[in-house]
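> Residue numbers (my numbering): 66 to 429.
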Ligand code: APR
């Protein structure tokens with residue numbers, strides 16, 4: 066089937082015979098325009114308050130209550146519940162890996178020494194091709210080296226062990242989901258991974274251990290096949306194509322989900338952030354995060370668009386979005402406790418951490 070070739074600015078992988086896949090883009094490119102239009106329309110037309118009593122009777126309500134207990138009851142009542150989890154850097158912070166945007170502790174607030182045009186430049190291909198040094202210096206802090214998966218990671222694995230995990234979508238490149246033992250068929254690494262790398266010139270593949278030896282030694286990894294190209298870890302830079310696996314599985318999975326759990330993400334980077342809108346309107350969505358994120362903006366609300374999370378405590382409009390605000394690990398532990406999985410989760414963490422401490426795991 067001839068694929069419509071859309072002219073665009075993305076870098077084309079030479080072997081890229083993939084369907085059109087939206088590039089990874091930063092937060093400001095997509096929604097600030099709509100926000101401004103929304104404010105203008107709202108002022109001109111005096112935003113009509115759409116709040117009102119929900120006419121749904123009890124039987125039609127998706128969740129009995131918009132709380133963690135409501136989610137727990139929903140999972141217990143839906144024994145074959147297909148759950149999708151979505152994660153960001155917040156699930157790895159307790160492992161010692163900083164997130165990106167948290168004030169002061171976030172990575173983007175510690176990049177002054179690289180003298181970047183703007184923080185995200187460190188993950189932009191154009192900048193990298195001109196000056197790879199800052200990225201590889203930062204990579205020494207980011208490379209998976211002795212970090213252990215967190216309670217969050219093991220909760221996601223427990224969902225799989227309980228037969229409830231449809232798929233785990235992560236923005237993280239730290240490979241902690243793999244180290245936590247999540248099987249690769251259950252994992253979508255939307256922004257790529259440090260686990261593998263390839264020469265930007267001849268595409269020769271390289272392993273994490275090969276790259277780690279060079280990067281930790283302060284050497285910019287150069288291809289040993291063509292002796293020309295730089296070897297870049299397979300993490301997706303801004304402007305690069307997302308992995309085909311992301312698009313193919315996202316098209317298939319989200320419409321099937323019975324529950325979406327979003328953890329430790331600011332939900333600002335597209336197209337990952339908009340995955341939350343791809344579940345059915347009857348699919349509850351639980352956010353476990355330090356702060357509310359991904360919420361419906363005024364324009365979408367005014368236009369009645371189903372875009373973004375709506376934390377409506379009165380359960381009007383068929384409420385189905387729940388925010389549990391706090392530490393991701395604590396949130397997952399509490400959810401496990403309420404589901405009666407406290408002992409299972411604790412035993413899993415203890416067994417896995419002992420195994421990691423004994424070092425009898427391959428650096429796969
Ligand atoms: N518990 C709960 N929430 C946390 C915790 C924690 N321990 N630590 C951080 N958070 C929250 C932060 O408050 C923030 O809302 O997690 C979110 C992390 O957001 P970001 O730092 O923006 O990370 P992420 O959403 O993964 O970034 C997305 O941006 O630069 C790109 O490619 C990069 O994949 C990354 C993407």
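The beta carbon of each residue, even a glycine, is placed where N, CA and C say it ideally should be.
Could you check if residue 387 is buried or exposed, using at least 16 other CB atoms within 10 Å of its CB as the buried criterion?
buried
> Starting from residue 418, trace the alpha helix (DSSP H) in both directions and tell me its first and last residue.
Residues 407–422.
> What are the start and end residues of the alpha helix (DSSP H) that includes residue 261?
Bounds of any alpha helix (DSSP H) do not take in residue 261; it lies within the beta strand (DSSP E) bounded by 257–264.
> Can you tell which of 327, 351 and 365 has its C-alpha closest to the C-alpha of residue 130?
351
> Pairs of beta-carbons, one from the segment 266–273 and one from the segment 187–202, closer than 8 angstroms: are there three or more?
no
> On the DSSP bridge list, what partners appear for residue 254?
235
> Do residue 157 and residue 252 have their C-beta atoms closer together than 7 angstroms?
no
> Could you tell me how far apart the beta carbons of residue 89 and residue 260 are, in whole angstroms, since I believe they sit closer than 8 angstroms?
Not confirmed; about 18 angstroms, so no contact.
> Quick one: which unbroken alpha helix (DSSP H) runs of 4-plus residues sit fully inside the segment 299–354? Chain order, please.
309–318
> Closer than 6 angstroms: is that where the CB of residue 339 sits relative to any heavy atom of ligand 1?
no
> Please classify residue 191: does DSSP put it in a helix, a strand, or coil?
helix
> Could you tell me if the beta carbon of residue 215 falls within a distance shorter than 6 angstroms of some heavy atom in ligand 1?
For ligand 1, not one heavy atom lies less than 6 angstroms from the Cβ of residue 215.
> Evaluate residue 391 with the Cβ neighbour count: other Cβ atoms within 10 Å of its Cβ, from every protein chain shown; 16 or more gives buried, anything less gives exposed.
exposed
> Is there contact between the segment 324–342 and the segment 357–366, where contact requires at least three CB pairs shorter than 8 angstroms?
Counting Cβ pairs under 8 angstroms, three or more are found: they touch.
> Any contact of the segment 289–309 with the segment 318–325, i.e. 3+ C-beta pairs under 8 angstroms?
Result no; under three Cβ-Cβ pairs closer than 8 angstroms.
> Going by DSSP in three states, residue 15 sits in which element: helix, strand or coil?
Because the chain is modelled from 66 through 429, residue 15 falls outside the range shown and cannot be assessed.
> Between 422, 347, 272 and 413, which has its C-alpha nearest residue 217's C-alpha?
413
> Hey, how far is the Cα of residue 128 from the Cα of residue 342?
18 angstroms
> For the alpha helix (DSSP H) that residue 244 lies in, which residues bound it at each end?
Element bounds for residue 244: 241–244.
> For the candidate residues 287, 231, 182 and 155, whose alpha-carbon lies nearest to that of residue 237?
The shortest C-alpha to C-alpha distance from residue 237 to any of 287, 231, 182 and 155 is the one to 155.
> Quick check: residue 430 and residue 344, are their CB atoms within less than 7 angstroms of each other?
The shown model of the chain, from 66 to 429, leaves out residue 430, and the question about it has no answer.
> Is residue 412 near ligand 3, with its Cβ less than 6 angstroms from a heavy atom?
As presented, the structure is devoid of ligand 3, carrying ligand 1 as its sole ligands.
> Looking at residue 256 and ligand 1, is the gap between the Cβ and the nearest heavy atom below 6 angstroms?
yes
> Determine whether the beta carbon atoms of residue 151 and residue 353 lie at a separation below 7 angstroms.
no
> From residue 139 to residue 183, what does the alpha carbon distance come to, in whole angstroms?
Taking the straight line joining both Cα atoms gives about 44 angstroms.
> For residue 385, decide whether its Cβ has a neighbour in chain C, counting only Cβ atoms nearer than 7 angstroms.
No chain C is present in this structure, which holds just one protein chain.
> Look at the alpha carbon of residue 349 and the alpha carbon of residue 385, and state the distance between them as a whole number of angstroms.
5 angstroms
> Which term fits residue 274, buried or exposed, when burial requires 16 or more other beta carbons within 10 angstroms of its beta carbon?
So residue 274 counts as exposed.
> Tell me whether residue 291 is buried or exposed, calling it buried when 16 or more other Cβ atoms sit within 10 Å of its Cβ.
exposed
> Taking the alpha-carbon of residue 421 as reference, which of 173, 162, 213 and 177 has the nearest alpha-carbon?
213
> Under 6 angstroms: does the beta carbon of residue 158 sit that close to some heavy atom of ligand 1?
yes
> Quick check on residue 136: does DSSP put it in helix, strand or coil?
helix
> So residue 330 packs on residue 211, CB below 8 angstroms; how close in whole Å?
Actually they do not touch by this definition, with Cβ atoms about 24 angstroms apart.
> With distances taken from CA atoms, which of 398, 276, 303 and 145 is nearest residue 192?
303
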